[in-house]
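The structure appears right after this line, and notes come after that.
Protein chains: 2
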Amino acid sequence: MAEKFNVDDIATFKDDKMTVNITHDSPNFRQLLFCFKPGQELPVHSHDVDSEIIMAIMDGEGIVIEEENEVPVRKGDILIGQVSVPHGIVAKTEMKVLVTITPPL
Amino acid sequence: MAEKFNVDDIATFKDDKMTVNITHDSPNFRQLLFCFKPGQELPVHSHDVDSEIIMAIMDGEGIVIEEENEVPVRKGDILIGQVSVPHGIVAKTEMKVLVTITPPL
Numbered sequence: 008m009a010e011k012f013n014v015d016d017i018a019t020f021k022d023d024k025m026t027v028n029i030t031h032d033s034p035n036f037r038q039l040l041f042c043f044k045p046g047q048e049l050p051v052h053s054h055d056v057d058s059e060i061i062m063a064i065m066d067g068e069g070i071v072i073e074e075e076n077e078v079p080v081r082k083g084d085i086l087i088g089q090v091s092v093p094h095g096i097v098a099k100t101e102m103k104v105l106v107t108i109t110p111p112l
Numbered sequence: 008m009a010e011k012f013n014v015d016d017i018a019t020f021k022d023d024k025m026t027v028n029i030t031h032d033s034p035n036f037r038q039l040l041f042c043f044k045p046g047q048e049l050p051v052h053s054h055d056v057d058s059e060i061i062m063a064i065m066d067g068e069g070i071v072i073e074e075e076n077e078v079p080v081r082k083g084d085i086l087i088g089q090v091s092v093p094h095g096i097v098a099k100t101e102m103k104v105l106v107t108i109t110p111p112l
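Respectively, the protein sequence lines represent chains D and F. Residue numbers for the first sequence follow this note's numbering, beginning at 8 and rising by one. Residue numbers for the second sequence follow this note's numbering, beginning at 8 and rising by one.
Here it is as structure tokens:
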């Protein structure tokens, strides 16, 4: 395929905060790999556009926050929603989350 | 999120051929979970549209065929390409592949 990577190979972790790697950015979608150490978080936020977001939990476990809901998530979970709905992530263990936004922001 | 599933929970395998579960279908993207037993395959094919395809190898290992190229793939690999380019999959072990096509076919 035009692009190929392994999430374990490109995952990077920092002591002070989660990391973000942009893995793809085209007119069709933007994709990012978020890596968290235990306790790190993606603060709750939203984007005022009509795009959909896919969160693929590639490793670890944590909580996905959507509005007032706290949803426990674990490796293999796929979550799909609207980027206009406030959402965030809190890692319980080391976590790798592949996020795809389509159409891109 | 609006939708949540775990690939391990919805994975189904059949003795005679690979299985396909449609996990999402919206104006933005179509998503399918392909499950293979060892030796099963998705025959090489293409679609004459301008969409992009993401193959996320959620479990197992095998070969992704793109035109004349045979690309070994394993758990954690993400492959991104054009659906107009002939592509297929051959499973070496039991395999779960989450495929996202955007925009949908």
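Heads up, the beta-carbon is just placed ideally off N, CA and C, and yes, glycines get one too.
Coil, strand or helix - residue i by DSSP
{"i": "D32/D", "result": "strand"}
{"i": "V51/D", "result": "strand"}
{"i": "G46/F", "result": "coil"}
{"i": "A63/D", "result": "strand"}
{"i": "E101/F", "result": "coil"}
Check whether residue i and residue j have beta carbons under 8 Å apart
{"i": "V106/D", "j": "F41/D", "result": "yes"}
{"i": "V97/D", "j": "G69/D", "result": "yes"}
{"i": "A18/F", "j": "K99/F", "result": "no"}
{"i": "T109/F", "j": "F12/D", "result": "no"}
Residue nearest to residue i in terms of C-alpha spacing, selected from the options
{"i": "K61/F", "options": "F12/F, K99/F, G95/F, I17/F", "result": "For clarity, residue 61/F is Ile in the given sequence; the question names Lys instead. Here the closest residue by C-alpha is G95/F."}
{"i": "A9/D", "options": "I87/F, K103/F, P110/F", "result": "I87/F"}
{"i": "D3/D", "options": "K99/D, P45/D, P93/D", "result": "There is no way to answer for residue 3/D, as the model of chain D reaches only from 8 to 112."}
{"i": "K24/D", "options": "R81/D, E48/D, A18/D, D16/D", "result": "E48/D"}
Contacts that residue i makes with chain F (C-beta to C-beta distance below 9 Å)
{"i": "D55/D", "result": "Ordered by position in chain F, no residue passes the 9 Å Cβ test against D55/D, which lies about 16 Å from the chain."}
{"i": "V71/D", "result": "M8, K11"}
Neighbouring residues, chain F, relative to residue i (Cβ below 8 Å)
{"i": "E59/D", "result": "S33, N35, F36"}
Segment limits, alpha helix (DSSP H) that includes residue i
{"i": "T14/F", "result": "The amino acid occupying residue 14/F in the given sequence is Val; Thr does not appear at that position. Start and end: 14 to 17."}
Residues that residue i contacts on chain D, provided the C-beta gap is smaller than 7 Å
{"i": "P110/F", "result": "N35"}
Bounding residues of the beta strand (DSSP E) (the contiguous stretch that carries residue i)
{"i": "A98/D", "result": "94 to 98"}
{"i": "P79/F", "result": "76 to 81"}
Within chain D, partners of residue i - CB distance below 8 Å
{"i": "Q89/F", "result": "A9"}
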